[in-house]
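A.B. asks: This is the structure I want to talk about, given as structure tokens.
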Amino acid sequence: MELERYLLKLGFSQKEGALYEAIIENAPISITELAKLSGLKRTSLYHLLEKLRNFGFIETTIRGKRKLFIPAEPERLKKIETNKEEELDTTKKLVEKLIASAVYHFGDKGFNKPKVRLFQGREEIKGIMEDVLNCKSKEYWYLGSIKLLEDLYPQNYWQKFIKRRNEKGIKSYSIINAEDAADYKYNDPLREVRVLPEGNNFAVVVVVYDNKFGVISSKKENYAFVIENQELVNVFKLFIKIVWDGSTPLAIKNNIEI
424 MELERYLLKL
434 GFSQKEGALY
444 EAIIENAPIS
454 ITELAKLSGL
464 KRTSLYHLLE
474 KLRNFGFIET
484 TIRGKRKLFI
494 PAEPERLKKI
504 ETNKEEELDT
514 TKKLVEKLIA
524 SAVYHFGDKG
534 FNKPKVRLFQ
544 GREEIKGIME
554 DVLNCKSKEY
564 WYLGSIKLLE
574 DLYPQNYWQK
584 FIKRRNEKGI
594 KSYSIINAED
604 AADYKYNDPL
614 REVRVLPEGN
624 NFAVVVVVYD
634 NKFGVISSKK
644 ENYAFVIENQ
654 ELVNVFKLFI
664 KIVWDGSTPL
674 AIKNNIEI
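Numbering (the working numbering), first residue to last: 424 to 681.
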């Protein structure tokens with residue numbers, strides 16, 4: 424289980440992780456033996472093995488007339504993990520600079536004079552999430568703290584929000600802080616959730632939908648803003664997708680039905 428979580432953290436899919444684990448535990452191993460262990464067809468195995476080999480996770484060796492698969496040196500994994508953490512740290516800093524830049528440029532210096540809306544107080548801030556339910560693209564991206572929003576509004580509000588969003592067919596791509604992962608409890612068929620690595624927590628909530636980019640502060644700060652500008656949204660989506668690719672898929676255990 425620990426190995427599986429580690430592999431997911433490095434960006435493996437579940438099939439790739441299971442295959443790599445099988446090679447570690449049974450190496451040297453042939454593709455015929457891997458097919459029996461994994462239950463996958465040889466055509467699928469060839470594709471997965473080639474991908475693992477291209478990334479440097481496995482190597483091949485010849486014994487007699489048989490081609491066998493073995494894991495690469497463990498130091499390779501450590502190097503990849505370090506690179507991913509450095510990439511995420513760099514991306515986080517870029518995102519924070521982007522947010523700061525957006526705040527600074529309120530007014531005539533804005534990105535092609537974007538429309539800016541400011542919100543103060545719990546009821547006004549709720550308007551951002553309510554506006555998400557009207558998004559035309561039928562999807563939105565969420566980055567940051569689940570606890571922050573749960574501090575602002577009770578759990579029954581979020582259960583109703585998720586239900587309404589699902590009824591409208593709006594999909595959510597959520598990247599949450601690692602500290603929120605253990606307590607995540609929402610059963611949501613139209614949400615994909617990933618977890619930031621430890622130590623990369625966001626103190627705010629960022630929501631991106633249609634041509635809008637919103638930031639919600641903590642309960643203590645008690646403010647939020649939304650900027651409408653397609654260019655800014657396009658840039659921020661690029662950053663968010665980099666973070667998404669470097670985050671770990673969440674395994675949800677304790678669900679609350681919606």
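Where a beta carbon is used, it is the ideal one built from N, C-alpha and C, also for glycine.
1. Is L575 near K664, with beta carbons less than 8 Å apart?
2. Between the alpha carbons of K594 and P612, how many angstroms are there, rounded?
3. Between Y632, E439, T671, which lies nearest to R617 when the distance is taken from Cα to Cα?
4. Apart from the five residues on each side of it in sequence, which residues of its chain come closer than 7 Å, Cβ to Cβ, to Q543?
5. Return the bridge partner residues of K635 from the DSSP annotation.
6. Give every residue of the same chain whose Cβ lies closer than 8 Å to the Cβ of L442, excluding the five residues on either side of it in the sequence, and list them in chain order.
7. Since G440 sits in a beta bridge, which residues does DSSP pair it with?
8. Measuring only the C-alpha atoms, how far is K650 from I454?
9. Per DSSP, what kind of secondary structure is Y469 in: helix, strand or coil?
10. Does the segment 629–642 come into contact with the segment 543–554, if we say contact requires no fewer than three beta-carbon pairs (one atom in each stretch) closer than 8 Å?
11. CB-CB under 6 Å to I485, same chain, minus the five flanking residues each way: which ones, in chain order?
12. Report the three-state DSSP secondary structure of F662 (helix, strand or coil).
C.D. replies: In this structure, then:
1. As a first step, residue 575 must be located in the sequence shown, where it is residue number 152. As a first step, residue 664 must be located in the sequence shown, where it is residue number 241. Cβ distance not < 8 Å, so L575 and K664 don't count as in contact.
2. As a position in the sequence shown, residue 594 is number 171, starting the count at 1. As a position in the sequence shown, residue 612 is number 189, starting the count at 1. Looking at the two C-alpha atoms, the distance is approximately 9 Å.
3. If you number the sequence shown from 1, residue 617 lands on position 194. Residue T671 is the option with its Cα nearest to R617.
4. Taking the sequence shown and counting its residues from 1, the one referred to as residue 543 is at position 120. The residues are N645, Y646.
5. Counting from one through the sequence shown, the residue named residue 635 turns up at place 212. Residue pairing by DSSP places K635 opposite Y632, E651 in a beta bridge.
6. Counting from 1 along the sequence shown, the entry for residue 442 is found at position 19. Same-chain partners within the cutoff: L457, S461, L463, L468, L471, L472, L475.
7. Taking the first residue of the sequence shown as 1, we reach residue 440 at position 17. DSSP lists no partner for G440.
8. For the purposes of this step, residue 650 is identified with residue 227 of the sequence shown, where counting begins at 1. For the purposes of this step, residue 454 is identified with residue 31 of the sequence shown, where counting begins at 1. Before going further, note that residue 650 is Ile rather than Lys in the sequence given. Approximately 53 Å, taken between the alpha carbons.
9. Translated into positions along the sequence shown, residue 469 becomes position 46. Here DSSP, grouped into helix, strand and coil, assigns Y469 to helix.
10. yes
11. Sequence index remark: in the sequence shown, residue 485 carries index 62 (1-based). Within the same chain, I485 has no close Cβ partners at all.
12. Stepping through the sequence shown from its first residue, residue 662 is reached at position 239. Note: F662 maps to helix in three-state DSSP.
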